[in-house]
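Each residue of the sequence shown is one higher than the one before, starting from 0 at the first, in numbering that gives the first Met the number 0. Positions of the beta carbon are idealized from the N, C-alpha and C atoms, including for glycine.
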Amino acid sequence: MRFLRLLPLIAVSALAADYAAEGQLWWSHVQFLADDQLEGRNLGTPGFLKAVQYVETQFEKLGLKPAGTSGYLQPVKFESRLITESSLELLRDGAPETLTAGQDATLSSRGDPAPLVEAPMVFVGYGMQIPEANYDDLAGLNLKGKIAVYINAPAPVDAPGNVKSHFSSSAERWAVFKRAGAIGAATLPNPRPNAPTPPAAGAETGGQGHGGRGAPQPSVVLADRALQDTAGQLVSVMITRRGAEKFLAGSGHTFEELEALARENKPLPRFPLVGTLRAKATIQKGSLEAPNIAGIYPGADSALKNEYVIISAHLDHLGVGRPVNGDSIYNGAMDDASGIASMLEIARLLKESGAKPKRSILFVAVTGEEKGELGSRYFSVHPTVPAANIVADINLDMFLPLYPLKVIEVQGLTESSLGDQVRTAAKSLGIDVQTDREPEQNRFIRSDQYSFIRNGVPSLAFKFGYEFGSPEEKIRRDWVRDRYHKPSDDLSQPVDPAAAALFDHVIQTLVKRVADEPARPRWNDDSFFKRFTK
Ligand SMILES: [Zn+2]
């Protein structure tokens, strides 16, 4: 027993890694990327370009093979839409009732906003269609030319959390509404106590930036129309609690009633709303460009080197915005300078140890995550290596090394054979793994791995884990409350660089295992996401 208990410790010391020293190397990358001079690395800004140059230089220093379309870079074109002036009115019996922006409802620049839309509305419950669960909020409703109004919470169906997350993404919901002929969508607030932390990341906000509070932020979409998830969504409205009563007036239902049902995870009624909604907007369109950065650590096996294990992390963050306590720079130290830093450290560990993985390892620093996982979406559809040869995506985004590493929380742990690989890799370094502690936060679809999943590639993402009721849980919850998508996610916060270095070793071990395994990773037979396999 004693011998067995000591075994993991021996294994760790045999590696003779100096986590404190390596942690400082990791931190030095974070320090550069999250410095005020980079101004929050917003897409297309000079600060973002400084970050691009930094990663390019590091890739070169690390001897990675350029894998962009122009050296390490893969330029990506975007379109921005900003609503500079807007008005919303409810029309009943020809009489307009003006809605106060922010107080009642906000017209969002997400989707494909049109200057003038006037359309009837239908309340569609949770706005979800899950054929596998025989669930359909749209059954029997006519949505042609109408606006679908829904409560932004997952439907009460007996389905795995990741499946519900998938169907509750704004892209999936819009796909369902669009098929039914709708021209717009409007959300009522999610009344559940564990609703995704506002402001939610990536696809959940579709680029509202800074939570849609303060000055309006432009929404950003890929210029490639085929990759615009919300094409055809001519109007997008976020209704407040107060506004909800106005929208529901005369329908025979109150928001209190709907809210109570949604809070208890019960089915919702579906019904037409009275009158029409008139939305007017002045839209300022622009275009911008910001690259993905890709470099290859070549594999050593003559056949398998043509297959690729991707390590991804996003380089962009929110830029400069509404000041909080006098600070307007959203530095994004953990989100996601930390992931880029780990990517660079893993490349260094491979190089310095002279690792000879069989498959190639493709490092991709992606752009536009904060605007809705756009850079990874573009790369996954237009990869710079043959798409069929991408075997896995290991995504590093805001893994939160805020305390010593004992357990890693893995998103996607039970979906593919990568689950066993990460268990084994972590165990070899004395680390446990656990599944997502808060599936209602939809983390499996809230970062770049989801872009690869949608293309059938088995993927994983990570957070430092914790036990319920532990001090670590409090540290993490406080971090999300106090620093997530705030200027205080900066260099002055307490982090544990040595723990980050240990995490990098776990990921390096995982990646080498996946690269060396004779068979490529595959989705589990019972995984919902298996269907996307190409
Ligand atoms: Zn973020």
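CA-CA distance, residue i and residue j?
i, j, result
"P95", "A259", "30 Å"
"A33", "Q57", "16 Å"
"V11", "P520", "Reliability fails at V11, whose pLDDT of 46 lies under 50, so the model's placement of it is uncertain and the value that follows must be treated cautiously. Their backbone Cα atoms lie some 26 Å apart in a straight line."
"L303", "M120", "54 Å"
"T434", "L90", "48 Å"
"L226", "A19", "43 Å"
"Q448", "N394", "6 Å"
"L276", "P112", "14 Å"
"F528", "D481", "34 Å"
"G464", "D396", "14 Å"
"G211", "S427", "Per-residue confidence for G211 stands at a pLDDT of 39, beneath the threshold of 50, marking its modelled position as unreliable; no derived number is given."
"G400", "L137", "Correcting the residue type first, residue 400 is Pro in the shown sequence and not Gly. If I take the Cα positions, the gap works out to 43 Å."
"D503", "Q52", "23 Å"
"E466", "E472", "7 Å"
"P534", "I328", "The structure shown does not extend to residue 534, since the chain is modelled only from 0 through 533, so no value can be given for it."
"A200", "L412", "The pLDDT assigned to A200 is 32, lower than 50, so where the model puts this residue is not dependable, and the model offers no usable value."
"D300", "K355", "8 Å"
"L501", "R358", "23 Å"
"G336", "R347", "The question names Gly, yet the displayed sequence has Ala at residue 336. Approximately 16 Å between the Cα atoms of the pair."
I'd like the list of long-range same chain contacts for residue i, defined as Cβ closer than 6 Å, with 5 residues on each side in sequence excluded.
i, result
"A243", "L187 and F254"
"K163", "P153"
"V219", "F77, S79, G206 and K370"
"S601", "Summary: the structure shown does not reach residue 601, with the chain confined to residues 0 through 533, and so no result is reported for it."
"A278", "L87, L106, V116 and V234"
"A497", "Y18, A19 and G22"
Over what stretch of residues does the beta strand (DSSP E) that includes residue i continue unbroken?
i, result
"P95", "A94 to L98"
"K462", "S458 to F463"
"E117", "L115 to F122"
"T105", "A104 to L106"
"V541", "No answer is possible for residue 541: the residues shown for the chain start at 0 and end at 533."
At a cut-off of 8 Å, is residue i close to ligand 1 when judged by its beta-carbon and the heavy atoms of the ligand?
i, result
"L428", "no"
"E372", "no"
"E38", "no"
"L314", "no"
"L459", "no"
"L317", "yes"
"M397", "yes"
"E408", "no"
"D334", "yes"
"G367", "no"
"H381", "no"
"G331", "yes"
"R484", "The amino acid occupying residue 484 in the given sequence is His; Arg does not appear at that position. Result yes, Cβ under 8 Å from ligand 1."
Leaving out the 5 sequence neighbours to the left and right, which residues in its chain are closer than 7 Å to residue i when beta-carbon positions are compared?
i, result
"T383", "A66, G67, T68, Q73 and A293"
"A50", "L32, L37, R40 and L314"
"Q232", "G110, D111, W173, G183 and A184"
"W522", "E414, S415, P457, F528, K529 and T532"
"M342", "I310, A312, F362, A364 and L395"
"M333", "M397, L399 and D488"
"T83", "T281 and Q283"
"L267", "G124, Y125, I150, L257, L260 and A261"
Is there a Cβ of chain D sitting closer than 9 Å to that of residue i, yes or no?
i, result
"I282", "No chain D is part of this structure, which consists of one protein chain only."
What residues in its chain sit with their C-beta under 8 Å from that of residue i, if we drop five residues either side in the sequence?
i, result
"Q420", "L509, R512, V513, E516 and P520"
"N388", "N305, E306 and Y307"
"E55", "G70, Y71, L72 and I292"
"D103", "L87, I238, T239, R241, G242 and K245"
Would you give the residue range spanned by the alpha helix (DSSP H) that residue i belongs to?
i, result
"I452", "Q448 to I452"
"V219", "Run containing V219: none in the alpha helix (DSSP H); it sits in the beta strand (DSSP E), S218 to L221."
"A499", "P496 to D515"
"A248", "Careful: A248 lies outside any alpha helix (DSSP H) and carries neither H nor E."
TODO: Taking only runs that begin and end inside the region 362 to 445, name each unbroken beta strand (DSSP E) of 3 or more residues, in chain order.
DONE: The region 362 to 445 contains these whole beta strand (DSSP E) runs: 389 to 394, 406 to 410 and 431 to 434.
Open item on the list: List, from N- to C-terminal side, the beta strand (DSSP E) runs of 3 residues or more that fit wholly inside the region 24 to 88.
Closed with: Within the region 24 to 88, no complete beta strand (DSSP E) run reaches 3 residues.
- [ ] Output the residue ranges of the beta strand (DSSP E) runs that lie fully inside the region 287 to 360 and measure 3 residues or longer, sorted by chain position.
- [x] Complete beta strand (DSSP E) runs here, min 3: 291 to 296, 307 to 313, 318 to 323 and 326 to 329.
Open item on the list: Ignoring anything shorter than 3 residues, give me the beta strand (DSSP E) runs that lie fully in the region 133 to 198, in order along the chain.
Closed with: List check, beta strand (DSSP E) in window: 146 to 150 and 183 to 187.
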